[in-house]
Structures are given as C-alpha cells and as structure tokens.
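A quick write-up on the structure given underneath.
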Amino acid sequence: MPSSDFINIKAYHIGADSSTADLRPGCSHQISKPELPTAWQNDPTPEKVFQNTNGTSKDSKPLVQRTTARLATTIRNIIGSGQVQRRSIATIALFHYGFMPLICYFSFVYRLFTTIPIRCSQSFDYYNERDDMFGLAGLFTIDRVKGRFPFWLAKLLDTIWDLFVARGMQFVAGWACYVVFSAALLRTIEVTPIPYRTFTGISLDGPSIWAVVGLCRDLMRHSTKKATFLFAYAAFAFLYALAMPTLISTMTGYVSSSFAYVMLPDTSQHVPSDMFHKCLMFEGLPDINGSANLLEKDLSVAKARSVTRAAKCNDTITVPINNYTFPIDIIDRYPNTEAVCYSGNGYSDKDVKENERCLPDSEKHAAYRWGFSAKLTSLVLILHAVWSLALYLIWSEVEHYSQLRREGYVLNPLRGVIALPAAAQGTTGLDDAGLRFWPLKGVEERLYARDAAVRCDAFMNALPFPRTV
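Per the UniProt record's numbering, the sequence shown starts with residue 1, numbered consecutively.
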C-alpha cells in the first residue's frame, strides 16, 4: 500500500485484529483504514484526521471559524470528561488538607520557632527568659501546654490524637499518593518504558517500604531526567506518608506538673520559689556592714508617699532597712542591684537560677498538662504544605498532558494486575502457562533485568481502560 494511504494518529492504539480494531488512547501507531475514530477522538474535525496527498486540508473553512470550532470542541470535551470537576475537587482538597492546618497554626500560635520550656514556677520574670533552645533539645521539647488533667485523661487525649488525627492524616496521604503517582505512571508510560519494580511498586503496593525500595533501585534505569526526578520524588512522598503518624505523634505529648523549689545557698533547705520576692540590695549604707535589702514593693510605696507629702508640706519619708531608717532621698544615692529576697536575706538571680529544682506534685495535687512542640510542629506543617503542593502540581501536569487521563482513565491495583501478565509475555516471549510454571528466580532475573520494562504497547493490549463516569 502506498505510504500516502497511511494516516498517522498520535496517541491511539489498534487492537490485534485490524478488521475489528478499536481505537484506544495510548501509543502512536499507523493505520491503513481511513475511518474517523469519533468514539475516542478528542477533536474529530475532518481537517485534523484526513489530508490529501498534497498536504492540503479538505476543509476550506476560514481560519477563524476553524479555530473557534476547535476551541468550542475542546471546551466541550473538558467539561464532558469531568476535568473541571476533578480540578475543583483537587484544589479544595489542597487548600483544606495542605494549607488549612498551616494557616490556623500560624494564626493562633506566637513565636513559632522559639522554644519556651515549661517552668514549674512563674514567680519571676526571668523564668521566661531562658528560652530559644537549640538543636534536638528544642525540637522535641513540649513547650505549649494547656490544662491540668489526671493521668488517665492526659493519656486518653494522647491516644485519641494518635489514633484519629495521626492515622487519619496518614490515610488521606496514602490515598493521595496512590491517586497522583498512579496517574503519573500512566502519563510516563505513554512516552517512555517503566521498569517492572517501579510499575508494581506504584500500581500494586502503593505507599510502602517495598515500593520505596523498588523506586530507589530503578532510579538510574529511566531514560529521561524527568522520569528520574518524578519517581525520586515519589519515593520521598511515600516515605513522608509512612512517617506521618510518627511525626504527628511526636509533635504532641503531656508533661507532669510540678512545683519549683530553691535550695538556699550553703544549706540543704528547699524553699518554694513563690516565697522569694524581688528586692534591691544596697551597698555601703551608714552604720550597716555589708549589704542591706529592701523589697521593691516597699520602696515603690515609700516613693509614692514621698511625692504626695512633699507636694503638701515639704516633708520627707524614711524607709526601714534592717531595722534602720534612712531618708528616701539618701537611699537613691547608694549603689544597688536587683535581687530576690527571702526571710530578710538577699540572693542574686544567678544563685536562685542555679539552685532551682522542680519537684513533683504530691499525690493530692498531681496533674498533667497536654500540648505540643512549637518548633517541630512548625517544621512538620511547612513540610506538609510543600508536599501537598508538589503532589497537586504533578497531578495537574498529568491531567493536562496525559491522553489517558483526559479520557478519564484511572489506574487501580486490579488493572495493574491485568496489565502485568501481558507486559511480562512481551518481555519473556512466554504465554500464560509458561509464566506460571517458570521458576520464580528465572522470572525475577528476566523481568528485573536492565533492559526489561513495561512498554506502552503491551500495557495497552492488556488494559483497555473502560471510560470512567
């Protein structure tokens, strides 16, 4: 037959029997029957399919009219194939599953990347100054807590979080990974062969350790850099889906409540931290050896009274220090340092910090507080948003360019099982019986060889993919 009688139809497949051949989206083939494939063709305009031997179109419609007709046909096909609905659902899912947790977290939590360790006492301001822990200590510190619960209730809250939130997020992540990468597998197999480990790992195993191992072993066997990058990210996405329950569980936890005690320097006595008060230590006061202590609140009251009385009768106010009295205007002339006082004795902040101890609650007041790690939660939610966005971009690219996906075809484990025997027959040259009785080691050596791959023609022969509705 003359070559001019052949018509090249891209992305359509002809069955084994040419007399009853059906046209299926897939590989590019040449056919000798000039029949219009209206059942599968996205754009069945005659000028696209049939051409004269001199290369001119049989349709002489004006260019604007032909372009408008093609655009209208494309829009009808997109709406009819459900692409608009699928894209809308995917966008909503991306926002709620990928971005909404991050938006809510950033809206209600302050100082996201600063670790503020939970202290057993907040008596002094400096207890809040020892924050921003670095390294693993800050990453795994439960620093944002709420409530006071008995142990059984704190444990119940943690179990509910792990069971429903962590496992629920993993379930959705696993489903999303399978949907996205099974569709990407269809798109990739249209343009390049796929190694058997990669095909079985995605189509049959889904997110699993075996799939990750298979994807990693086949990374250097892909013929294009795009396919290599795609399946490398698939391995990472599967690992993230597998690790998600552990990460979400590690973000949260419960800590036991306790009281703060300070061991007095040079003694073994432990004093509750709330019995210490801020004061000023004065040096060099007349008739006093060493330092003298005055509570800040007493000094503030005295100064307020001094201002009032001086305005009225030009009088002065004295302040008692260590059973001595000094005019308030003289007190301010002597050097002083901030400190904390207990039982008439002053202690530096450093001494109190170094001797602070957190002792457990008694059984009568025992309680637990439930919360999360700010740093780890921030990192996990950012990673989750980036991971979700990457999946969405891969899925969108497949929806736009894959002929199979535009026709509404979906790969699932059952269809993967159907496709594999035909692909194996094409690779080994054996029929079904030969494959069943061939030694397992021989099958693995042949199908996992470097030149063995699932190719488009064998794939399409076994997998007609009925149109989804």
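For glycine and all other residues, C-beta sits at the position ideal for the given N, C-alpha and C.
**OP:** Enumerate in chain order the residues of its own chain whose CB-to-CB distance from residue 195 is below 6 Å, with the five nearest sequence positions on each side excluded.
**Re:** Only 218, 221 and 453 meet the Cβ criterion.
**OP:** Look up residue 11 in the DSSP assignment and say whether it is helix, strand or coil.
**Re:** Residue confidence is low: residue 11 scores 34 on pLDDT, short of 50, so the model does not pin down where it sits. No coordinate-derived value is stated.
**OP:** May I ask you to verify whether the segment 106 to 118 touches the segment 410 to 427, counting CB pairs closer than 8 Å and requiring at least 3?
**Re:** Three or more Cβ pairs closer than 8 Å define a contact, and the segment 106 to 118 falls short of that threshold against the segment 410 to 427.
Original post:
Pick from 412, 417, 140 and 381: whose alpha carbon is nearest that of residue 169?
Top reply: For residue 169, the nearest C-alpha among the options comes from 381.
**OP:** For residue 266, count neighbouring Cβ atoms within 10 angstroms of its own Cβ and tell me buried if that reaches 16, exposed if not.
**Re:** It counts as exposed.
**OP:** Rank 158, 370 and 398 by C-alpha distance to the C-alpha of residue 191 and give the top, closest one.
**Re:** Checked all of 158, 370 and 398; the closest Cα to residue 191 is 398.
**OP:** Let me know the secondary structure DSSP gives residue 100 once reduced to three states.
**Re:** If DSSP states are grouped into helix, strand and coil, residue 100 belongs with the helices.
Original post:
By Cβ distance, which residues of its chain are closer than 6 Å to residue 199, with the 5 residues on each side in sequence left out?
Top reply: 454.
Subject >> Cβ neighbours of residue 402 in the same chain (closer than 8 Å, five flanking residues each side left out) >> reply: Closer than 8 Å at Cβ, skipping near neighbours: 183, 186, 187 and 190.
**OP:** Could you tell me the distance, in whole angstroms, from the CA atom of residue 408 to the CA atom of residue 427?
**Re:** Computed Cα separation, rounded: 28 Å.
Original post:
For residue 408, which three-state DSSP category applies?
Top reply: The answer is coil: DSSP assigns residue 408 none of H, G, I, E or B.
Subject >> Top-ranked residue by Cα proximity to residue 396, from 159, 153, 180 and 173 >> reply: Cα-wise, what sits closest to residue 396 is 180.
Original post:
Going by other Cβ atoms of all chains shown within 10 Å of its Cβ, with 16 needed for buried, is residue 205 buried or exposed?
Top reply: Buried, because 16 or more other Cβ atoms sit within 10 Å of the Cβ of residue 205.
Subject >> As assigned by DSSP and simplified to three states, the class of residue 276 >> reply: Three-state result, residue 276: coil.
Original post:
DSSP beta-bridge partners for residue 370?
Top reply: Beta-bridge analysis with DSSP links residue 370 to 146 and 254.
Original post:
Helix, strand or coil: how does DSSP classify residue 70 here?
Top reply: Residue state, collapsed to three classes: helix.
Subject >> Distance CB(residue 98)-CB(residue 378) smaller than 8 Å >> reply: For residue 98 and residue 378, no; Cβs fall outside 8 Å.
**OP:** Using only alpha-carbon positions, find the residue among 439, 68 and 375 that is nearest to residue 138.
**Re:** Nearest in C-alpha terms to residue 138, of all of 439, 68 and 375, is 375.
**OP:** If I'm right that residue 269 touches residue 263 with Cβ under 8 Å, what's the distance once you round it to whole angstroms?
**Re:** With a Cβ gap of about 7 Å, residue 269 and residue 263 count as contacting.
Subject >> Range covered by the beta strand (DSSP E) that runs through residue 359 >> reply: From DSSP, the beta strand (DSSP E) with residue 359 extends over 356 to 360.
Subject >> Secondary structure of residue 140, DSSP reduced to three states >> reply: In this structure, residue 140 counts as coil in the three-state DSSP scheme.
Subject >> As assigned by DSSP and simplified to three states, the class of residue 448 >> reply: Residue 448 falls in the coil class under three-state DSSP.
Subject >> Inter-residue Cα distance where the pair is residue 210 and residue 238 >> reply: Their Cα atoms are separated by approximately 10 Å.
Subject >> Counterpart residues of residue 271 in DSSP-defined beta bridges >> reply: Partner(s): 262.
**OP:** Verify whether the separation of the beta carbon atoms of residue 150 and residue 367 is less than 8 Å.
**Re:** In this structure, residue 150 places its C-beta atom within 8 Å of the C-beta atom of residue 367.
Original post:
So residue 196 is in the beta strand (DSSP E); what residue range does that whole segment cover?
Top reply: Premise fails: residue 196 lies in the alpha helix (DSSP H), 196 to 200, not in any beta strand (DSSP E).
Subject >> Nonlocal neighbours in the same chain, by C-beta distance under 7 Å from residue 304, ignoring five residues either side >> reply: For residue 304, the pLDDT reaches just 48, beneath the cut-off of 50, and the residue's location in the model is therefore unreliable, although a value from the coordinates is still provided. So no residue of the chain qualifies.
Original post:
Applying the criterion that 16 or more other CB atoms from any shown protein chain within 10 Å of the CB defines a buried residue, is residue 370 buried or exposed?
Top reply: Buried.
Subject >> Bridge partners - residue 340, DSSP secondary structure assignment >> reply: Residue 340 is bridged to 278 and 347.
Original post:
Where residue 256 and residue 177 are concerned, what is the direct C-alpha to C-alpha distance, given to the nearest angstrom?
Top reply: So the two alpha carbons sit approximately 39 Å from each other.
**OP:** Mind checking which residues open and close the alpha helix (DSSP H) that includes residue 220?
**Re:** Neither: residue 220 is in no alpha helix (DSSP H) and is coded neither H nor E.
Subject >> Under the three-state DSSP convention, the category residue 414 falls into >> reply: Reduced to three states, the DSSP call for residue 414 is helix.
**OP:** Just confirm the distance between the C-beta atoms of residue 251 and residue 372, as a whole number of angstroms; I'd bet it's less than 8 Å.
**Re:** Contact between residue 251 and residue 372 holds: CB atoms are separated by about 5 Å, below the 8 Å threshold.
Subject >> Endpoints, alpha helix (DSSP H) assigned at residue 178 >> reply: Element bounds for residue 178: 167 to 189.
Original post:
By a C-beta neighbour count over all protein chains shown, 10 Å radius and 16 as the cutoff for buried, is residue 231 buried or exposed?
Top reply: So residue 231 counts as buried.
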